[in-house]
Amino acid sequence: MEVVMSFVIGGLYASGLYLMMRRNILKLVLGIALLSHAANLLIFTMGRLTRGHPPLIPPGEVRVLESIADPLPEALILTAIVIGFGVQAFAIVLIRRCFETLGTDDLDEMRSTDRAP
Amino acid sequence: MVWIVLLSFVSAFFPPWLCRVLHSRTGWIVALLPAAITAYFARFIEEISSGGTVVESMGWVPCLGIELSFHLDGLSLLFALLISGIGTLVVIYSGSYLAGHYQLGRFYSTLLIFMASMLGTVLADNVITLFVFWELTSFSSYLLIGFNSDQKPAREAALQALLVTGAGGLALLAGFLLLGQAAGTLEISALLAKGDAVRSHPFYVPILLLILAGAMTKSAQFPFHFWLPNAMQAPTPVSTYLHSATMVKAGVYLLARLSPVLAGTAIWENVVTPVGMITMLTGAFLSLLQTDLKLVLAYSTVSALGGMTMMLGVGSQPAAEAAVMFLVAHALYKGALFLVVGILDHETGTRQSGRLGGLFRAMPATGLAGILAGFSMAGFMPSFNFIAKEQTYAAILETTPAVFLTAAFFVAGTCYVVVGGITGFQPFTGRPRERFLKPPHEAPPSMWVCPLIMAAAGVLVGVFPSPAGKYMLSSAVGAVLQAPSEVQPALWHGPDVKLFLSTAAMLAGICLYLARAKFRRSMEPLTPLLSKGPEHLYSLSLAWLDTIACAQTRVLQSGRLNLYLLITIVTTTGLVGASMLEHEPILGLERWSDLHIYEAILAVVLLTSTVVIVRSRSRLAAVAALGVVGYAVALLFLLFSAPDLAMTQFCIETLSVVLLVMVLYRLPRYRDYSSGKERFRDAVVATLAGGLITALVLVATAVTREARLTPFFTEHSLLLAKGRNIVNVILVDFRGLDTLGEITVLAVAALGVYSLLKLNTGKKSGD
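Chains as they are written, first to last, in the numbering used here: chain A, 1 to 117; chain B, 1001 to 1767.
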């Protein structure tokens, strides 16, 4: 599965980066969202993929007995998902405000710090 | 010794306050410091002249072999006394020269910083310490040349001096580091014993050339000489102190100091001697073409520095004696002449040689100082410069073939007579040339006493040379040669070739002095040629630098986000990809066989939705597809044993889509901003980057991984943290502080979102 996953991650990266290079500000935000998915999956795959063995200690036991999925990347990704959401929410509101204030969704029109006349 | 230097740096903070209280009398108080330092170093004369050395060391960065170690021997002592002694006189002189200047306090501060750095340079035993002080002198020289910072030429000259000496300083640092590698030590006292090891080391040539570059930019050797005449924009006391008596001699000092390590090879002789000779001749010739007295002196200083370099290039015992003698003689007469020109400028308002004359009656004390110093500069008997000149002839006549150096020094000696005449003699003799705005009068004693002391010393040492030889020169020459030497300077050696040559040069010089106006006129056709000199190359290269910087900034800092991203992605992909290809990665593509059918379907759905996001013309469809991607990722988490991640991802993806849809209808429809060509370019770059990531993941997962932290967490999750969900335990317990940070980020983002929604920027908005 790691082979397929690597292509999924590569595809997400490619489309995320492509969207980020567009001049439309909405596409930029969509690109960032795809990129954060890609990064999360990348970290996840680096911890290796394990089917059906979540990192839980069964009731009655003191420690895990069989091999389980690596909990550390999962913990890191959990943090990343939440922070990614925070950034994304801020970006979404920011582009709305940008459009209201500047009247354009073209990033190349936003090169100057001065307000468009 | 270490404390004296450090204390001088600290004392640089006080002059601005002193100036506020004492006004014009500040100079006398500030002069106490260099005077005390002179007295301090004078105590060592006895000990050093009997062959001793003084060593002091303080840890600085011991792990790198960098010590604040100072080493006082004959050469350092001679320089230290020149620096502090002339420093005292210059400080007193400046008090009157710059009386009432609104930034006198700043001037004194910078001057003291310079003095401390210069002392550090000549006392330092560790080459890195030496380099630091060396750069500090360049830096303070920059501040002092640009002291009149409201004038554009002063600022430009300051920058030029800083760039030239700073570039040389960088070369010097590289040379020092290589030298340290070659010899295995950074301490000069230890280096001196390893001359043979260094000279036979494969790094010898780069070491020599780099250190020479540093020394020759500092000492204004051809072709780097142009910064020194331009530095005459500085106030005259600064020109006296930095650009004649001390700082520009730092390069000569370094050559003398390191000559036991570096000298004695063919390349040393073939580089140092010719450069010195060319500099000596260029400076001497150009000094005759100037009409501004300060420029005359500046070019003749270039010439004198060339002479000293030339003698160090020759490197024999008499040559080292000549270099040291000339160094002392030059500091005395040239310092005095600069101060005299400063007085003339101060009292009459002009430095043009054609406008000054017959001033002896009005300014007898200054005139006496000028005539004595000019007399020394011309090298007449019985000045000390005469002895130095005889010694130079003696050293040159020993070389083979002697004819080039002898001819060169003869020409330079002739020019020095003319320069001495123009600057020390002509302003005070003859008829007054013109009426000045105010009748010229004598300067205050605090001004004329300083050049008079220096000029008188230049003659007195000549009349009574043996104490100087015994107490100062012998040990200094001994330090240069690293062998005990006995210097016995004397005025009269009997009628020989040296006396004949030096008398002939004097007579030629007197003739040239009388015909100087004619000579200058006959050289006028050369003026356009001179403007094409090394300084022209300097300004050309600066212009090139500007052009390249502008072009580079236009490309790299275009203000277009997509270009920034493009450059970043291309660079990263290129570098990482190249390094990966170089190592012939193992992709392990055969691992695809463990695939389950539902996983494959999920992957296809995910990638199809991505294509929809990229290709769709409808914003709503794109956002919906983004939701599908998010849910598919959540399912992947679920399939591969991460239920917590899946739950979080489901919630958050839902929220994101809702937020996006809410904002969507406030934004305009998609429009095509970029051309098909640009889209194709970006698509290629993005595909390559994605391909690289795929390859990286394949390579990384193909090797077995050793998890070192995970066993700790699984082992202690229940026992220490009382939790069965290990991911949860890591987040809230083991890495609780990270989670606190995460919450803070969320809170800040929430504040940002709220304020962006509610904040009224004054413009009438929809909500």
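By construction, the Cβ of each residue, glycine as well, lies at the ideal position given by its N, Cα and C atoms.
Taking M1523/B as the centre and dropping the five residues before and after it, the same chain places the C-beta of L1289 closer than 7 Å to its C-beta, in chain order. A straight-line Cα-Cα distance of about 18 Å links C1019/B and L1144/B.
Look at the region 1287-1357 of chain B and you find these whole runs of alpha helix (DSSP H), each 4 residues long or longer: 1293-1314, 1317-1348. Counting only Cβ-Cβ distances below 9 Å, G52/A has contacts in chain B at L1639, F1640, S1641, in chain order. Using a 10 angstroms sphere on the CB of V1611/B, the tally of other CB atoms stays under 16, which defines it as exposed. Inclusion of A1632/B and L1606/B in the CB contact set at 8 Å is warranted, their separation being smaller than that value.
Look at the beta carbons and you see the region 1349-1357 of chain B not touching the region 1251-1269 of chain B: under three pairs across the two are nearer than 8 Å. Here the alpha carbon of K1722/B sits roughly 36 Å from the alpha carbon of S6/A.
Chain A places a beta carbon closer than 8 Å to that of Q1649/B, counting this residue as a contact. Taken through DSSP and simplified to helix, strand or coil, F1637/B comes out as helix.
Counting along the chain, V3/A sits inside the alpha helix (DSSP H) bounded by residues 2-20. Counting only runs of 4 or more residues that sit fully inside the region 1365-1430 of chain B, the alpha helix (DSSP H) segments are 1384-1397, 1402-1420, in chain order. Between M1506/B and V1403/B, the beta carbon gap of about 20 Å keeps them out of contact (Cβ cut-off 8 Å). Cβ contact annotation for G1120/B (same chain, cutoff 6 Å, sequence separation greater than five): V1005, F1133, in chain order. For G1723/B, no alpha helix (DSSP H) segment is defined, and its DSSP state is neither H nor E.
Sequence-distant Cβ neighbours of I1278/B in its own chain, meaning closer than 6 Å and more than five residues away, are F1222.
Near chain B, meaning a CB-to-CB distance below 9 Å, the residues of the region 53-72 of chain A are H53, P54, P55, L56, I57, P58, P59, E61, V62, R63, V64, I68, A69, D70, P71, L72. Around P73/A, the same chain offers I43, F44, M46, G47 as residues with beta carbons nearer than 7 Å, after the five sequence neighbours per side are excluded. In the DSSP secondary-structure assignment, E1056/B is bridged to F1070/B. Residue pairing by DSSP puts N1126/B in a beta bridge opposite E1187/B. At a cut-off of 8 Å, the C-beta of L102/A has no neighbouring C-beta in chain B. Between the region 1071-1090 of chain B and the region 1241-1253 of chain B, the count of C-beta pairs closer than 8 Å reaches three or more; the two stretches touch. Note on V62/A: under 16 other CB atoms within 10 angstroms of its CB, so exposed under the neighbour-count rule. The Cβ-Cβ distance between V93/A and V1753/B falls below 8 Å. In the DSSP assignment, L1262/B falls within the unbroken alpha helix (DSSP H) covering 1250-1262. Straight-line spacing of the CA atoms in A1250/B and M1311/B works out to 15 Å. Nearest to T1399/B by C-alpha distance, out of H1493/B, G1313/B, I1083/B, is G1313/B. By DSSP's assignment, V1614/B forms no beta bridge with any residue.
Sorting L1566/B, G1741/B, D1733/B, T1701/B by C-alpha distance to the C-alpha of M1/A places T1701/B at the top. Fully enclosed beta strand (DSSP E) runs of no fewer than 3 residues are not present anywhere in the region 1155-1241 of chain B.
Shown here for G1184/B: not one same chain residue has a beta carbon closer than 7 Å to its own, the five before and five after excluded. In the DSSP assignment, D106/A is bridged to N24/A. For P1668/B, at least one C-beta of chain A is nearer than 8 Å to its own C-beta.
In this chain, F1464/B is not harboured by any alpha helix (DSSP H), its DSSP state being neither H nor E. In this structure the region 93-103 of chain A touches the region 1743-1759 of chain B; the number of beta carbon pairs closer than 8 Å is three or more. For R1724/B, the closest C-alpha among the options I25/A, P71/A, D105/A is that of P71/A.
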